[in-house]
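FYI, in the working numbering the residues of the sequence shown are 23 to 719.
Backbone N, C-alpha and C fix where the C-beta goes; we use that ideal spot for every residue, glycine too.
On a predicted model such as this, the values are computed, not experimentally measured, just so you know.
Okay, structure first, notes after.
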Amino acid sequence: MLLRRLKLNYFGRFHNKELELKPGINLIYGENESGKSTLHTFIKGMLFGIEPMRGRGAATKDDVYHKYLPWEYPQGYSGSLELEHGNKAYQLQRSFHAKDKSFSILDLATGREIKLVEGTVLDLVPGLTEATFKNTISIEQLKASTDAELAAQVQNYIANLSLAKSQEVDVVKALQLLSEQRKLYDGSQTAEAIKKVQAAIKNGLETEEQLDRLTFQLKELQIREQQLAKKKSTLSGAVADTQEEQRMGQLPAILEKYRSYQRAEEQLKQLENQHQGLSDRLGQLEGEAGLEELKDAARRLEQLKHRLLELKPAGLLLQQEKEKLHKRRRAIIAIDFSVVIILVMAVFLILGAQPLGFLLMAVLVGLGAVPYTVLHRSMERKGLDLRQREYEQVRQIALAEEGIKALLLKYQISRPEELSGIQEKAMMKHMSIENLNQHKKELEQRVQELEDQNDLLYEAVMKYIQYFLEEDELNDGSIQRLQEEIGRRRQEAFGKGEEIDKELNECRLLIEKLRWEITSLEANEEELLRNKELYEELLQKQEEDSMELEAVKLAHRTIQELAADIHDSFGQQLNMAASQIIREVTKDKYRDLKIDERLNVKVGWNGSYVQFDRLSAGTMDQVYLALRLAVADLLLGEDQAPLILDDSLALYDDSRVKAALEGLARRKQIILFTCHKREEALLQELGLTYHLVDLSK
């Protein structure tokens with residue numbers, strides 16, 4: 023497999039960035055923070071995807087998704103990768119955005135999209151899992167070592183080669199499944215359940231014994247009860263049917279009637295108090311209300327106001343009549359005087375200053391005074407009538423105004439209109455009075471009912487008391503004396519049976535208690551049977567689990583032994599491949615590696631094998647590099663995958679870097695990320711061909 027071209031649409035700091043990669047050594051140079059790790063992550067993301075972390079890990083430095091999510095255009099979080107595999111060219115297209123994830127593989131020769139079964143790059147490159155990528159062909163600085171996941175993959179691969187020549191057998195998963203089955207059949211839960219059931223059965227048996235004892239005691243008490251009842255019947259039979267005994271038996275009912283009588287008396291007192299309170303309140307409200315008086319006052323006030331309204335226009339008419347009369351009087355006087363003057367002047371002109379003339383003038387003056395006198399008297403009478411009418415009108419107005427003032431003063435108001443407000447309040451009080459009267463009637467009815475009821479109770483109780491005592495009043499004292507008298511008579515009648523009654527009652531109480539205890543324990547028998555059945559089932563299950571556990575242990579041992587045998591057969595291939603690579607990268611300083619099924623390594627040195635952890639850090643990195651490449655070739659086949667080194671040689675000295683570069687130069691494709699110029703200089707010194715990608719340009 024060869025990587026040909028990278029296109030980062032929006033990824034981290036890159037926008038529409040394209041890089042071309044070639045077979046052989048690709049040296050990608052860039053200073054710190056220039057994007058080398060971004061490109062490395064992009065390659066891994068294109069192959070396997072990038073998932074956002076959830077919970078506490080989200081948006082932290084370990085959250086690769088959010089680390090490279092472009093801020094300016096999150097929806098463009100995508101890219102493509104062109105690669106060559108099996109002599110065919112493909113383009114991987116992927117959208118990383120969590121809300122618009124997609125992945126497709128395009129055959130560049132035909133333009134057809136490859137149908138994905140697994141939905142991953144495994145559909146194109148079998149064996150290329152994310153764990154394989156991380157543990158073999160992708161090496162970061164200070165991370166050359168492998169983890170247990172790679173050992174499991176190698177173990178599965180070797181087992182599949184030997185068993186089926188395919189990759190369908192998962193040894194590690196099978197062992198994990200058997201371990202889980204072993205926990206399932208270890209018998210601890212069944213043993214614990216058996217202990218609990220045994221304890222429950224023991225308790226059930228003890229309960230059965232207790233139930234037998236209680237049943238025996240119940241039978242004895244029932245026999246004793248029959249004996250006591252028979253003895254009591256013999257002693258009290260003579261008086262049991264008498265009228266007095268029957269009446270004494272009615273005492274509880276009479277006492278209850280007396281208590282009812284007392285309660286009714288108490289209710290009567292309360293109702294009477296309520297009735298008295300209502301009466302007082304009604305009296306107060308009726309005294310305050312004066313509704314009829316207010317109505318009369320309102321009518322009287324309206325009449326007076328109406329009378330005033332009538333009198334005022336009449337006064338105006340009288341004034342007009344007076345003025346007319348005055349004008350008429352002046353007109354008559356003027357006319358009469360004018361006529362007399364005219365006649366006198368006429369006589370004077372005719373007769374002159376003769377005595378007859380003076381006589382005629384005197385007669386004319388006298389005659390002129392007669393109509394004046396008549397008219398004057400008539401006018402005086404009319405004037406007198408007008409003055410009398412005017413006086414009466416003034417008097418009537420004064421009386422009306424005095425009446426209005428008296429009403430305003432009585433109700434302490436300043437204007438007649440305020441009387442309507444007082445009338446409304448009176449109406450409200452009147453309604454309250456009606457409601458209170460209704461309530462009062464209901465109380466009176468209830469009082470009457472209680473009195474009737476109490477009369478009946480009183481008669482019944484007094485009749486009962488007077489059968490035994492001479493009592494005239496019903497009170498607590500008479501009831502107390504009644505109880506004492508009945509108790510005395512009963513003591514006399516049944517004195518001999520008192521002890522029998524006491525013993526009989528105690529016997530019956532014990533019987534009821536035993537019956538209750540027996541009833542509460544009756545369900546124990548069914549529960550005991552169920553527990554016994556469960557115990558048998560658990561014993562059978564324990565036996566079956568024991569057999570299953572032995573089978574699981576046998577299968578586990580068999581698989582482990584087979585895996586070891588298989589590794590012994592096919593592990594040699596891994597040892598030889600790793601040894602060849604270590605010879606190349608160390609220039610034959612180390613020639614032999616031994617790797618067990620867990621990828622634990624021993625290094626051949628001077629005829630013996632040295633434990634891996636005793637080597638120097640640089641040598642350990644070289645050994646891990648050889649191990650990774652050998653495993654990659656084993657898992658991915660002859661079509662070698664590209665080797666991605668992200669500053670992985672930073673801690674190597676020059677001689678080791680040279681050896682590593684010479685050894686790695688034989689591989690199909692190397693992608694070497696570096697922030698140093700040393701690798702380029704050494705490649706030039708060694709005369710090795712390389713393709714340089716300078717991220718700083």
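Less than 6 Å between C-beta atoms, sequence neighbours within five positions excluded: which residues of the same chain meet that for residue i?
i: Lys39; result: Leu30
i: Asp716; result: Tyr51
i: Ile508; result: Met270 and Leu273
i: Gly98; result: Asn31 and Tyr32
i: Lys699; result: none
For residue i and residue j, what's the separation of their Cα atoms in angstroms?
i: Ile617; j: Ser160; result: 21 Å
i: Arg269; j: Asn497; result: 20 Å
i: Gln175; j: Ala654; result: Confidence at Gln175 is low in this model, with a pLDDT of 48, below 50, so its placement is unreliable and the value that follows should be read with caution. Gln175 and Ala654: Cα-Cα distance of roughly 11 Å.
i: Ser500; j: Leu240; result: 45 Å
i: Gln562; j: Leu556; result: 10 Å
i: Glu481; j: Gln249; result: 43 Å
i: Met642; j: Lys58; result: 25 Å
i: Tyr90; j: Gly626; result: 44 Å
i: Leu705; j: Pro74; result: 39 Å
i: Glu466; j: Ala286; result: 14 Å
i: Asp669; j: His107; result: 26 Å
i: Glu140; j: Gln564; result: 42 Å
i: Asp234; j: Ser255; result: 32 Å
i: Asp474; j: Arg510; result: 34 Å
i: Gln410; j: Ile357; result: 29 Å
i: Ile692; j: Ala681; result: 15 Å
i: Glu702; j: Leu714; result: 8 Å
i: Val623; j: Arg689; result: 23 Å
i: Thr608; j: Arg678; result: 7 Å
i: Ile533; j: Gln244; result: 7 Å
i: Ile372; j: Ser360; result: 18 Å
i: Glu726; j: Arg417; result: In the structure displayed, the chain extends from 23 to 719; residue 726 sits before or after that span and is not available.
i: Glu769; j: Leu551; result: In this structure the chain extends from 23 to 719, so residue 769 is not present and cannot be described.
i: Lys123; j: Gly71; result: 9 Å
i: Met569; j: Gln232; result: 40 Å
i: Gly118; j: Met68; result: Position check: residue 118 holds Phe in this sequence, whereas Gly was assumed. About 9 Å.
i: Val191; j: Gly149; result: Note that Val191 scores a pLDDT of 43, beneath 50, so its modelled location is shaky; the value from the coordinates is reported in the next line. Whole-angstrom Cα-Cα distance: 13 Å.
i: Ala639; j: Gln113; result: 39 Å
i: Tyr179; j: Val143; result: In this prediction, Tyr179 has a pLDDT of 45, which is less than 50 and means its spatial position is unreliable; nothing more can be read from the coordinates.
i: Thr151; j: Lys224; result: 59 Å
i: Phe695; j: Val86; result: 19 Å
i: Gly46; j: Leu683; result: 11 Å
From the DSSP output, which residues share a beta bridge with residue i?
i: Thr696; result: Tyr51
i: Asp668; result: Glu162 and Phe695
i: Arg116; result: Gly101 and Phe125
i: His37; result: Tyr32
i: Asp716; result: Tyr51
i: Ala111; result: Glu106
i: Leu24; result: Glu106
i: Lys616; result: Lys624
i: Ile136; result: Ile127
i: Gly46; result: Gln691
Leaving out five residues before and five after residue i in sequence, what residues of the same chain have Cβ atoms less than 8 Å from its Cβ?
i: Leu164; result: Residue confidence is low: Leu164 scores 49 on pLDDT, short of 50, so the model does not pin down where it sits. No coordinate-derived value is stated.
i: Leu491; result: Ser500, Arg503, Leu504 and Glu507
i: Pro92; result: Tyr32, Phe33, Gly34, His37, Gly98 and Tyr99
i: Ala186; result: Residue placement at Ala186 is poorly supported in this model, since its pLDDT is 33, which falls under 50; the coordinates still yield a value, given next. Result list for Ala186: empty, nothing under 8 Å.
i: Ile489; result: Reading off the sequence shown, one finds Tyr at residue 489, where the question assumed Ile. Once the five neighbours on either side are set aside, the close Cβ partners of Tyr489 are Arg269.
i: Leu293; result: Leu465, Arg468, Val469 and Leu472
i: Leu138; result: Phe125, Ser126, Ile127 and Asp145
So, for residue i: in the same chain, excluding its five sequence neighbours on each side, which residues have a beta-carbon less than 7 Å away from its beta-carbon?
i: Ala600; result: Leu615, Ile617, Ala648, Leu649 and Ala652
i: Arg115; result: According to the sequence provided, residue 115 is Gln. The question's Arg does not apply to it. Counting only Cβ-Cβ distances below 7 Å, and skipping sequence neighbours, we find Ser102, Ser126 and Leu128.
i: Arg512; result: Met270
i: Thr541; result: none
Assess contact between the segment 29-36 and the segment 672-679, defined as three or more Cβ pairs (one per stretch) separated by less than 8 Å. Is contact present? With contact defined as three or more Cβ pairs closer than 8 Å, the segment 29-36 and the segment 672-679 are not in contact.
Can you list, in chain order, the stretches of the alpha helix (DSSP H) that have 4 or more residues and sit fully within the segment 621-646? none
I'd like to know if the segment 519-537 and the segment 213-228 are in contact, where contact means that at least 3 CB-CB pairs between them fall below 8 Å. no
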